[in-house]
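Report on one structure; see the data block that follows.
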Amino acid sequence: MEYPNGKRYYPYAQYLRQRYGGRVAKIPLDGGFTCPNRDGTKGIGGCAYCSARGSGDFVCGDDLEQQFSAYAAGLTKWQPVGYIPYFQAFTGTYAPLERLRTLYDRALALPDAVGLSVATRPDCVPEEVADLLAEYAQRTDVTVELGVQTVHDRTARAMNLCHTFADFERALERLQKRDIPVCVHLINGLPGETREDMVESARTVGGMGIQSVKLHLLHILKHTALSHLTEADCLSMEDYVGLVCDQLEVLPPEVVIQRLTGDGKGADLIAPQWSRNKRAVLNAIDREMARRDAWQGDRREG
1 MEYPNGKRYY PYAQYLRQRY GGRVAKIPLD GGFTCPNRDG TKGIGGCAYC
51 SARGSGDFVC GDDLEQQFSA YAAGLTKWQP VGYIPYFQAF TGTYAPLERL
101 RTLYDRALAL PDAVGLSVAT RPDCVPEEVA DLLAEYAQRT DVTVELGVQT
151 VHDRTARAMN LCHTFADFER ALERLQKRDI PVCVHLINGL PGETREDMVE
201 SARTVGGMGI QSVKLHLLHI LKHTALSHLT EADCLSMEDY VGLVCDQLEV
251 LPPEVVIQRL TGDGKGADLI APQWSRNKRA VLNAIDREMA RRDAWQGDRR
301 EG
């Protein structure tokens, strides 16, 4: 597979251009969801690293239409050919079916919507929700983003995720049975994990027939269970760049790379401070892949 602009991995921007014939913007939305790890169903307090807004820190506005307009207003220089409404905050499948239907319909009614992306937990995709998502997949491009974060249950317990790798396997099977594309989220730098552990997470999910992946950097944020940690407890930029390149080498070349680092809200970010310069991180990954003469999938077994 040939990648554009000197990339040695399959970037999301390339996939979108191939699919839609131009630039497409993904618009983060907050549908007013909560999480079974916050409301007491499975736990309280949420995952150890999760912000108070459940990853929806960059959403502006009250209702979906306001959120969409506010975000799209900053993208005019892009001249996108369409938008993908993205339910990013908290758990985008954790609500009664009729409420989900109402929210998804409103999202698809937004201007120039060409698809729908829904972020959720692996333990929040029961059969009836998978059936509902399959209905929408008949109408538009639907992607379900599963916050797996790690394939190692010992880490999941330590981070209070309140879900297991077996939960992910069940959710993935339900979605694949209905031909619904899946994007897996992994977090690098979770306390207690080795570089080998994190590479194994990428290798494992990459071999399960997923369509895309997001690689996130652990951010230490204020008002979270990990807020006692410091810069010294985080991966250095050099270590992170090397790790991501290792992961890219074990991911199949057809898996779309939606993200290679993450954003932490500036006012709440404790560490690592180097993560504020995302462009520098992405450029360093490109340089390291070139230095190795490595390509996505080079070390994929089988």
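Read in order, the letters of the sequence shown are residues 1 to 302 in my numbering. Even glycine gets a Cβ: it sits at the ideal position worked out from N, Cα and C.
DSSP-derived helix/strand/coil call for residue i
{"i": "Thr120", "result": "strand"}
{"i": "Arg300", "result": "coil"}
{"i": "Gly56", "result": "Bear in mind that the predicted position of Gly56 carries a pLDDT of just 46, short of 50, making it too unreliable to give a figure here."}
{"i": "Gly82", "result": "strand"}
{"i": "Ala48", "result": "coil"}
{"i": "Lys7", "result": "coil"}
{"i": "Lys26", "result": "strand"}
{"i": "Cys245", "result": "helix"}
{"i": "Leu64", "result": "helix"}
For residue j and residue i, the rounded distance between their alpha carbons
{"i": "Ile84", "j": "Gly147", "result": "19 Å"}
{"i": "Phe33", "j": "Asp62", "result": "13 Å"}
{"i": "Thr91", "j": "Ala48", "result": "16 Å"}
{"i": "Glu201", "j": "Val151", "result": "A quick correction: the sequence has Ser, not Glu, at residue 201. Their backbone Cα atoms lie some 5 Å apart in a straight line."}
{"i": "Thr93", "j": "Leu103", "result": "10 Å"}
{"i": "Gly54", "j": "Leu116", "result": "Note on Gly54: pLDDT 47, under 50, position unreliable in the model; the coordinate value appears next. Their Cα atoms are separated by approximately 19 Å."}
{"i": "Leu215", "j": "Arg99", "result": "30 Å"}
{"i": "Gly56", "j": "Ala89", "result": "The predicted position of Gly56 is uncertain, since its pLDDT is 46 and thus under 50; no value can be drawn from it."}
Segment limits, alpha helix (DSSP H) that includes residue i
{"i": "Asp141", "result": "Counting along the chain, Asp141 falls outside any alpha helix (DSSP H), though it belongs to the beta strand (DSSP E) covering 141–149."}
{"i": "Leu229", "result": "Looking at the DSSP string, Leu229 is not in any alpha helix (DSSP H), and its letter there is neither H nor E."}
Range covered by the beta strand (DSSP E) that runs through residue i
{"i": "Ser212", "result": "212–217"}
{"i": "Gln138", "result": "Segment: none, Gln138 is in no beta strand (DSSP E) and carries neither H nor E."}
Distance CB(residue i)-CB(residue j) smaller than 8 Å
{"i": "Thr155", "j": "Gly192", "result": "yes"}
{"i": "Arg299", "j": "Glu249", "result": "yes"}
{"i": "Val24", "j": "Gly74", "result": "no"}
{"i": "Arg259", "j": "Gly266", "result": "no"}
{"i": "Leu229", "j": "Ala271", "result": "yes"}
From the options, residue whose alpha carbon lies closest to that of residue i
{"i": "Ala294", "options": "Thr261, Pro253, Pro122, Arg276", "result": "Pro253"}
{"i": "Val255", "options": "Ser227, Ser212, Gln149", "result": "Ser212"}
{"i": "Val199", "options": "Asn5, Leu175, Gln247, Lys7", "result": "Gln247"}
{"i": "Pro28", "options": "Phe87, Leu217, Asp179", "result": "Phe87"}
{"i": "Ala70", "options": "Asp179, Pro111, Leu226", "result": "Pro111"}
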